[in-house]
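Visitor:
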Amino acid sequence: MAPAGTLTYDVLRQGDRIGTHTVSFERMGEELTVRTETNVEFTAYVVFDIDWTHQSVEIWGTGGLKEFTSFTNEDGRKRQVHAQRDGDRLIVESTGGHREFPADILPGTLWHPETVHQHQLLDPIKGRLRKVTVTDGGTEQLEIEGRTIEAKHYRVRGDLRRDVWYDAEGTVVKVEFPISDGSEVTLLLR
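In this text, residue positions in the sequence shown follow the numbering used here: the first is 410, and each later residue adds one.
#1: Quick one: Cα of Q550 to Cα of K583, how far?
#2: What does the alpha-carbon distance come out to for the pair L515 and R566?
#3: Would you call the segment 505 to 514 and the segment 532 to 550 in contact, with 3 or more CB pairs under 8 Å?
#4: Going by DSSP, what residue range makes up the beta strand (DSSP E) through I558?
#5: Apart from the five residues on each side of it in sequence, which residues of its chain come closer than 8 Å, Cβ to Cβ, to G473?
#6: Given T542, which residues of its chain have a CB within under 8 Å of its CB, disregarding the five upstream and five downstream residues?
#7: Measuring alpha carbon to alpha carbon, tell me which of R571, T548, T442 and R570 ends up nearest H562.
#8: Could you name the residues of the same chain whose beta carbon sits closer than 6 Å to that of H521, not counting the 5 residues immediately before and after it, in chain order?
#9: So within the segment 492 to 565, which uninterrupted beta strand (DSSP E) runs reach at least 3 residues, ignoring any that extend past its ends?
#10: Just the Cα atoms here: how many angstroms apart are A453 and T471?
#11: If I427 sits next to V449, beta carbons under 8 Å apart, how far is it from one beta carbon to the other, in whole angstroms?
#12: Which class does G588 belong to by DSSP, given the choice of helix, strand or coil?
#13: So which of D419, T580 and K475 has the shortest CA-CA distance to V594?
#14: If you count every other CB in all the chains shown that lies within 10 Å of the CB of G517, and 16 or more means buried, which is it?
#15: Give me the residue from N482, Y575, L569 and I553 with the minimum Cα distance to L421.
#16: Could you give the distance in angstroms between the alpha-carbon of T478 and the alpha-carbon of E578?
#17: Rounded to whole angstroms, what's the CA-CA distance from F451 to F434? Just pull it up for me.
#18: Quick check on DSSP: helix, strand or coil for R486?
#19: I need the straight-line Cα distance from P533 to I558, nearest angstrom please.
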């Protein structure tokens, strides 16, 4: 279901490295803990310095996601999400309020290969339900740090817009998405 250890990605905007994104996996018995951390800094429109950090923890067990927590700081604007499975419901408390979703919802953190089979995802920053359509973009050869990687490309559209590439083992090797200033951000596996 998940790779072992830690995956580290460079975060690029307009070809420049602006930060890092790490996803670490720790298995203890039947439980899998997935920790995600993103740190980004860049200047937009020549005047605005953007400082964006995000940390999340997912706890998975038999039956799926048990608990999800996240903290995001976007230039001082703080958001928190806490989701906990309760029977067939996922109870979500976030900066945006209280919500309940089906327990089988996946967070939109993208590492889980089943993400591409979903029609809705839990927004890991705002704690909202995001409706999506995923289409197969075919297999592509990617050049990443001097290596050629064959990867399956999927397009996620709807309430979220992401392009994600998974290698043959189901590991995310590349992600592209737009950000609020209109530019594209790319995550590339090191």
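For glycine and all other residues, C-beta sits at the position ideal for the given N, C-alpha and C.
Guide: By the coordinates alone:
#1: Position 141 of the sequence shown, counted from the first residue, corresponds to residue 550. Position 174 of the sequence shown, counted from the first residue, corresponds to residue 583. In a straight line, the C-alpha of Q550 is about 12 Å away from that of K583.
#2: On the sequence shown, position 106 is the one that residue 515 refers to. On the sequence shown, position 157 is the one that residue 566 refers to. In this model, L515 and R566 are separated by some 16 Å (Cα to Cα).
#3: Verdict: yes, contact present.
#4: As a working mapping, residue 558 is identified with position 149 in the sequence shown. From DSSP, the beta strand (DSSP E) with I558 extends over R556 to G567.
#5: As a first step, residue 473 must be located in the sequence shown, where it is residue number 64. Here the set comprises R494, A512 and D513.
#6: The residue given as residue 542 occupies position 133 in the sequence shown. Cβ within range, chain order: H528, V565, R566 and G567.
#7: If you number the sequence shown from 1, residue 562 lands on position 153. In terms of Cα proximity to H562, the closest of R571, T548, T442 and R570 is T548.
#8: Taking the first residue of the sequence shown as position 1, residue 521 is located at position 112. When the five nearest sequence neighbours on each side are left out, the beta carbons in the same chain lying within less than 6 Å of the beta carbon of H521 are those of L515, in order along the chain.
#9: Taking only runs of at least 3 residues, the beta strand (DSSP E) segments lying wholly in the segment 492 to 565 are 498 to 503, 506 to 511, 529 to 531 and 538 to 553.
#10: Start at 1 with the first residue of the sequence shown, and residue 453 comes out as number 44. Start at 1 with the first residue of the sequence shown, and residue 471 comes out as number 62. The alpha-carbon atoms of A453 and T471 are separated by roughly 44 Å.
#11: The residue you call residue 427 lines up with position 18 of the sequence shown. The residue you call residue 449 lines up with position 40 of the sequence shown. Contact between I427 and V449 holds, with the beta-carbon distance rounding to 5 Å and staying under 8 Å.
#12: Within the sequence shown, residue 588 is the residue found at index 179, counting from 1. Reading off the sequence, residue 588 comes out as Ile, not Gly. Correct three-state label for I588: coil.
#13: Sequence index remark: in the sequence shown, residue 594 carries index 185 (1-based). Ranking the options by Cα distance to V594, first place goes to D419.
#14: Here residue 517 corresponds to residue number 108 of the sequence shown, with the count starting at 1. Buried, by the Cβ-count rule.
#15: Within the sequence shown, residue 421 is the residue found at index 12, counting from 1. Out of N482, Y575, L569 and I553, I553 has the C-alpha closest to the C-alpha of L421.
#16: Within the sequence shown, numbered from 1, the residue matching residue 478 stands at position 69. Within the sequence shown, numbered from 1, the residue matching residue 578 stands at position 169. Rounded to the nearest angstrom, the two C-alpha atoms are 26 Å apart.
#17: In the sequence shown, the residue the question calls residue 451 occupies position 42. In the sequence shown, the residue the question calls residue 434 occupies position 25. CA-CA distance, F451 to F434, rounds to 28 Å.
#18: Here residue 486 refers to the residue found at position 77 of the sequence shown. Three-state DSSP puts R486 in a strand.
#19: To locate residue 533, count along the sequence shown from 1; it is residue 124. To locate residue 558, count along the sequence shown from 1; it is residue 149. If you take the alpha carbons of P533 and I558, they lie about 28 Å apart.
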